[in-house]
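Counting from 1, one number per residue, gives the positions in the sequence shown under the UniProt record's numbering.
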Amino acid sequence: GNTTAFLITSVKAYEEFKQLQPDVIDRKINPQKTFTKLSPSAFGNIKSGKEWNKRRNSVSKLMVLNKSSQYIPMMVQSLDAEIRTWKIGQDINVNQRISAITLMIITKILFGSDITSKIEDCDYLHPDGKSTKMRFMDFYPKMILDIMSTFSNIKANIFPFLGIYDLVEPFVTNRKNINQFQDKLKKFLANSTDAGSVYRKLIDEFKIPEEDAFQDICGLLFAGHDTTSHAISSAIYFLKKNPEADKKLREALATCGITKDTDYFTIETKEKIQSCEYLNYVIKETLRIDPPAFSSIVYEASKPITLVGVPIKKSESILLNILSFHHDPLQWHEPLKFIPERFDPESEYFLKPDGNARSPYAYAPFSFGLRKCPGQILATLELKFLLSRFLCTADIEIPESLLENDYARFALFSNFH
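Written out as structure tokens, the structure reads:
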């Protein structure tokens with residue numbers, strides 16, 4: 001683009017950055033980004049303040065552990081139904097299949113359990129004016145990919161107003177598809193009978209206005225769909241790439257009594273999964289080496305500031321480079337290696353290479369503070385239960401060429417993705 005942006009790449013810079021939030025540093029609204037295009041007035045797209053605080057806290061209260069746990073059986077049933085369709089010797093795009101599963105799960109949680117049976121099909125519009133009839137669950141990811149592909153649009157980067165106001169292709173067609181996405185969802189929500197959805201609870205229990213609730217859950221859908229599915233795919237990949245860790249995790253699950261015959265509907269099973277320490281280590285290490293997103297949302301300062309000696313002007317863009325924190329050789333032993341034991345307090349890898357404790361800012365897959373991911377608890381639960389279930393009920397082979405690729409990653413905006 002034609003604007004200056006600063007990447008926070010060191011833990012020290014991050015510590016200084018946090019001290020200035022939210023009074024001096026706050027969210028910068030970028031009308032060209034996917035999140036803003038999809039849900040421009042979601043709480044994630046407004047400045048910190050009383051309204052933002054109320055809406056964010058309302059969502060966070062619906063995502064606490066005891067409320068999120070109710071969705072575990074649905075998660076497992078969705079995965080089981082998918083795996084039953086797989087055949088021995090079949091070529092499967094696991095990342096794509098898991099993405100479809102997590103999309104179905106999160107839409108049921110956010111919008112209503114009856115969404116797959118009641119929402120209407122969509123007419124996906126092409127830039128040439130033609131259209132293709134699609135199921136909503138196929139339409140949504142296609143629409144998101146189309147929006148994300150415009151990041152490199154030369155015209156919009158030179159003349160941002162073309163993309164902001166959707167004046168040229170492909171922005172014109174993308175806007176029509178976004179409008180259709182919103183119209184189909186609103187029509188479904190008006191007829192849904194699920195009083196337990198996040199959308200309905202935001203309105204009924206927390207008295208959030210309907211349009212605000214709609215914007216917020218559309219934002220949560222974008223933030224929580226592909227990020228979770230890519231994290232699961234990444235965990236499966238790194239376990240296959242590191243057979244000792246794979247074997248150790250399978251043994252740990254068996255020791256905790258988690259097998260293919262385990263009943264995931266019981267409280268006892270939930271407690272077993274939560275108590276499996278090595279599963280926690282594997283998930284944390286997956287999120288460290290391949291975080292769901294390499295960088296944060298965009299921030300800006302309300303006045304000129306200095307971070308680690310670098311002057312930053314008012315309103316210039318600031319982003320957190322999460323990957324750099326996670327791969328900092330001053331904070332982590334052999335940061336490019338997949339070592340789940342680095343999260344074990346008894347392990348030699350637990351401390352920094354110099355023997356001191358790591359900075360709390362060295363690990364931030366869900367960010368920190370006021371702008372951290374409100375769906376962190378739900379996402380972590382989904383990772384634990386879907387990954388453990390997958391390992392107990394399915395086995396796949398990954399091409400050697402992919403396993404030997406030390407740069408393969410599954411995060412959003414990574415080269416592999």
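Think of the CB as a built atom: it goes at the ideal place given N, C-alpha and C, for glycine as much as any other residue.
- With a beta-carbon spacing of about 6 Å, F325 and V11 fall inside the 8 Å limit used to define contacts.
- Around the beta carbon of N53, fewer than 16 other beta carbons lie within 10 angstroms, which makes this residue exposed.
- The shortest C-alpha to C-alpha distance from F6 to any of F390, S317 and L402 is the one to S317.
- Taking a cut-off of 8 Å on C-beta distances, the stretch 102-119 does not touch the stretch 252-264, as fewer than three cross pairs fall below it.
- Here the C-alpha atom of K372 lies approximately 10 Å from the C-alpha atom of R56.
- C-alpha of L383 to C-alpha of Y237: approximately 14 Å in a straight line.
- Going by C-alpha positions, D263 is about 12 Å away from F385.
- For S192, there is no enclosing beta strand (DSSP E), as DSSP gives it neither H nor E.
- For the pair A408 and I289, the Cα-to-Cα distance works out to about 11 Å.
- For I318, DSSP records a beta bridge to F6 and Y299.
- Bounds of the alpha helix (DSSP H) holding Y199 are V198 to D204.
- Using a C-beta cut-off of 8 Å, the stretch 67-76 makes no contact with the stretch 204-223, since fewer than three inter-stretch Cβ pairs fall below that distance.
- If you draw a straight line from the Cα of K37 to the Cα of M143, it is about 11 Å long.
- The beta carbon of S229 is closer than 6 Å to those of I98, S99 and T102 in its chain, skipping five residues each way along the sequence.
- Between the C-alpha atoms of L162 and M148 there is a straight-line separation of about 16 Å.
- Closest in C-alpha terms to S78, from the list M63, T107, E51 and F338, comes T107.
- P141 has its alpha-carbon roughly 26 Å from the corresponding atom of K201.
- Assignment of L307 by DSSP, reduced to helix, strand and coil, places it in the strand class.
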